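Chemist: If you number the sequence shown the way our numbering does, the last residue is 1800 and the count never jumps.
Glycine included, every Cβ here is placed at the ideal spot set by N, Cα and C.
As the structure is a prediction and not an experimental result, all values here were calculated from the model.
Sharing a structure here in structure tokens format.
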Amino acid sequence: MNVNTINIGIKYLDYYLPEHIVGNTELALENPGWDMEKVEKKSGVKSRHISGLNETALDLSVKACESLFQKYNLEPDTFDGIVYCTQSPDYIMPSNAYLIQKHFKINKKLFAFDYNLACSGYIYGLAMCYSFIKSRLLKNILLINSDTYSKFINKKDRSARVLFGDGAAVSCVTENSNLFDMLDFEFSSSGKDYDKFIVPAGGCRLPKSNQTSIETEDENGNIRTKNDIYMDGMGVWAFINSEVPKVINSLLKKNNMNIFDVDKFIFHQASKMTLDSLVKVLKIDKNKSFTNIESKGNTVSASIPIAIKDAYDSG
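Structure, rendered in structure tokens:
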């Protein structure tokens, strides 16, 4: 999908993280059997922001939007579209996008919807925003990425609890942007691996029940129920390691570029092990790969915009 015929991009960008920070020292005290030194070496995460008991993805995104509006002197009615990515919505229905509209009293002439994606959510969101603007359907879109994965993670599941953090990012996507323009996209999907990263229960296929709430322990000592997030860490890592470099090289080749033409790589902040592996496989200078996972963890679809903002602010 080549998009270099029109100037559309990210004009403004901001994010919000919950106030409560959980460090590895706290996790070690709570779980004496966890080898936090080994975990930290693999994940790269030293601390993560965790939402409060009654703090939702919507709450985080409201604060991110408030910060964006105040910082750049924006009126909510400036936007004619809200595209909201979350896997932890406040309700099964309606969509969080409409709750954002309600909160900020945005006019009724608004195009709004939610979509459900994890790590790829920001890129898909940008692609949709680009398409809406190019087609002249919309002019100024609020792209929101917000999740509270901590609410779906069993506290006894070391594999997931140490890795993920909660957070929300908001991007103003428009024509004639002055921050980051979009050049091109490349997409790839693997539906056959759907069960590598899944919350098995809670949907219509397997509703929550007493049976799905029973805790089980896997071969690595991680404890969870079918109501909790399950991640095949090594399976996901192997997939990223084999497939992502192909997509990146294909995208570069399509635009008559190579790895050495790129000044900075901002990958989804999956884990230190994953980021280091991508650097090695792609044979890029480690200094060209931006990372902020140490203090934020993996914030799912919000991780890329948060990383872009941090990279931009750090020069």
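Three or more C-beta pairs closer than 8 Å, one from the segment 1664 to 1683 and one from the segment 1714 to 1724: is that the case here?
Modeler: Flag = yes, the segment 1664 to 1683 and the segment 1714 to 1724 touch.
Chemist: State the DSSP-derived secondary structure class of residue 1718, mapped to helix, strand or coil.
Modeler: For this step, residue 1718 is matched to residue 233 along the sequence shown. Correct three-state label for residue 1718: helix.
Chemist: So the beta strand (DSSP E) residue 1522 belongs to, where does it begin and stop?
Modeler: Walking along the sequence shown from the start, residue 1522 turns up at place 37. Premise fails: residue 1522 lies in the alpha helix (DSSP H), 1521 to 1528, not in any beta strand (DSSP E).
Chemist: Considering only the alpha carbon of each residue, which of 1493, 1792, 1508 and 1518 lies closest to residue 1705?
Modeler: By 1-based counting over the sequence shown, the position of residue 1705 is 220. Nearest option by C-alpha distance: 1518.
Chemist: Who are the near neighbours of residue 1792 in its chain, counting only those whose CB is closer than 7 Å to its CB and skipping five residues on each side?
Modeler: Locating residue 1792 in the sequence shown gives position 307, where the first residue counts as 1. Here the set comprises 1751, 1754, 1775 and 1777.
Chemist: Under the rule that 16 or more other beta-carbon atoms within 10 Å means buried, what is residue 1710, buried or exposed?
Modeler: Stepping through the sequence shown from its first residue, residue 1710 is reached at position 225. Buried, by the Cβ-count rule.
Chemist: Closest by CA to residue 1606, which one among 1796, 1798, 1636 and 1785?
Modeler: Taking the sequence shown and counting its residues from 1, the one referred to as residue 1606 is at position 121. For the residues 1796, 1798, 1636 and 1785, the minimum Cα distance to residue 1606 belongs to 1785.
Chemist: Whether or not the segment 1522 to 1540 and the segment 1629 to 1645 are in contact is what I'm after, with contact meaning three or more pairs of Cβ atoms, one per stretch, closer than 8 Å; do they touch?
Modeler: Cβ pair count under 8 Å is three or more, so yes.
Chemist: I'd like the span of the beta strand (DSSP E) that includes residue 1596, first residue to last.
Modeler: In the sequence shown, the residue the question calls residue 1596 occupies position 111. 1596 to 1600 is the extent of the beta strand (DSSP E) around residue 1596.
Chemist: Would you call the CB atoms of residue 1657 and residue 1497 closer than 9 Å?
Modeler: Locating residue 1657 in the sequence shown gives position 172, counting from the first residue. Locating residue 1497 in the sequence shown gives position 12, counting from the first residue. Against a cut-off of 9 Å, the Cβ pair of residue 1497 and residue 1657 comes out as a contact.
Chemist: Where does the unbroken alpha helix (DSSP H) through residue 1712 begin, and where does it stop?
Modeler: Numbered from 1 along the sequence shown, position 227 holds the residue referred to as residue 1712. Taken as a continuous stretch (DSSP letters only), residue 1712 belongs to no alpha helix (DSSP H), as it is neither H nor E.
Chemist: Out of curiosity, what's the CA-to-CA distance linking residue 1630 and residue 1695?
Modeler: Within the sequence shown, numbered from 1, the residue matching residue 1630 stands at position 145. Within the sequence shown, numbered from 1, the residue matching residue 1695 stands at position 210. Distance between the alpha carbons of residue 1630 and residue 1695 is about 32 Å.
Chemist: For residue 1716 versus residue 1796, is the C-beta distance shorter than 9 Å?
Modeler: Locating residue 1716 in the sequence shown gives position 231, where the first residue counts as 1. Locating residue 1796 in the sequence shown gives position 311, where the first residue counts as 1. No, the Cβ-Cβ distance between residue 1716 and residue 1796 is not below 9 Å.
Chemist: Unbroken beta strand (DSSP E) runs of length 3 or more, entirely within the segment 1644 to 1693: which are they?
Modeler: With a minimum length of 3 residues, the continuous beta strand (DSSP E) runs that stay inside the segment 1644 to 1693 are 1652 to 1660.
Chemist: Residue 1555: buried (16+ other C-beta within 10 angstroms of its C-beta) or exposed?
Modeler: On the sequence shown, residue 1555 is found 70 positions in, with the first residue counted as 1. Answer is exposed; the Cβ neighbour count stays below 16.
Chemist: Along the chain, where does the beta strand (DSSP E) that runs through residue 1534 open and close?
Modeler: Position 49 of the sequence shown, counted from the first residue, corresponds to residue 1534. Note, residue 1534: beta strand (DSSP E), 1532 to 1534.
Chemist: Quick check: residue 1735 and residue 1712, are their CB atoms within less than 9 Å of each other?
Modeler: On the sequence shown, residue 1735 is found 250 positions in, with the first residue counted as 1. On the sequence shown, residue 1712 is found 227 positions in, with the first residue counted as 1. It is not a contact, given that the beta carbons lie outside the stated cut-off.
Chemist: Give a yes or no on whether the C-beta atoms belonging to residue 1664 and residue 1491 are separated by under 9 Å.
Modeler: Along the sequence shown, read from residue 1 onward, the residue named residue 1664 stands at position 179. Along the sequence shown, read from residue 1 onward, the residue named residue 1491 stands at position 6. No; because the gap between Cβ atoms is not below 9 Å, this pair is not in contact.
Chemist: Can you tell me the Cβ-Cβ gap for residue 1591 and residue 1564, rounded? I've got them flagged as a contact below 8 Å.
Modeler: Residue mapping note: residue 1591 aligns to position 106 of the sequence shown, counting from 1. Residue mapping note: residue 1564 aligns to position 79 of the sequence shown, counting from 1. With a Cβ gap of about 7 Å, residue 1591 and residue 1564 count as contacting.
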